[in-house]
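Working notes for the structure below.
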Amino acid sequence: MEGDVMDKLEAMATVCDFDPITGSIPATKVEITVSCRNLLDRDTFSKSDPHNTLNPDFVRKYILDYFFEEKQNLRFDVYDIDSKSPDLAKHDFLGQVYCTLGEIVGSPASRLEKPLG
49 MEGDVMDKLE
59 AMATVCDFDP
69 ITGSIPATKV
79 EITVSCRNLL
89 DRDTFSKSDP
99 HNTLNPDFVR
109 KYILDYFFEE
119 KQNLRFDVYD
129 IDSKSPDLAK
139 HDFLGQVYCT
149 LGEIVGSPAS
159 RLEKPLG
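Going by our numbering, the sequence shown opens with residue 49, and the numbers climb by one from there.
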């Protein structure tokens, strides 16, 4: 009986792959894609960029380590980039969104929609 309990405990330990020496906790790789809908048009003579659309689907994908039961805060800042300047102060700030990685992973179909604030 005691051997069965020990076998089960060992099996549970190998499932989570926790390394007590390094303290590393296993993570799941999560791929995040970002899109915006109905952005405000801050440009006088054209549509707010990127690519002159108010509904951009960004190409860059973000690969993040997701740690279950650990709060991982995310912030997305949205700018209308009008020049090649790396200085964000020279561009129109459209808004930002705060969320956690857990909110994204836990939402229906892992799709989270939030208004820019």
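Every residue gets a Cβ at the ideal spot worked out from N, C-alpha and C, and that includes glycine.
Euclidean distance between Cα positions of residue i and residue j
i       : j       : result
Leu-122 : Glu-151 : 10 Å
Tyr-127 : Pro-74  : 35 Å
Pro-134 : Gly-165 : 23 Å
Ile-80  : Asp-105 : 12 Å
Asp-125 : Phe-141 : 8 Å
Thr-76  : Ala-137 : 36 Å
Asp-113 : Ile-129 : 29 Å
Proximity of residue i and residue j at Cβ, strictly below 8 Å
i       : j       : result
Asn-103 : Arg-85  : yes
Val-153 : Val-82  : no
Val-145 : Lys-132 : no
Strand pairing of residue i, partner residues [DSSP]
i       : result
Leu-122 : Cys-147
Val-78  : Leu-112
Asp-128 : Asp-140
Environment of residue i [buried if 16+ CB atoms lie within 10 Å]
i       : result
Leu-149 : buried
Leu-87  : buried
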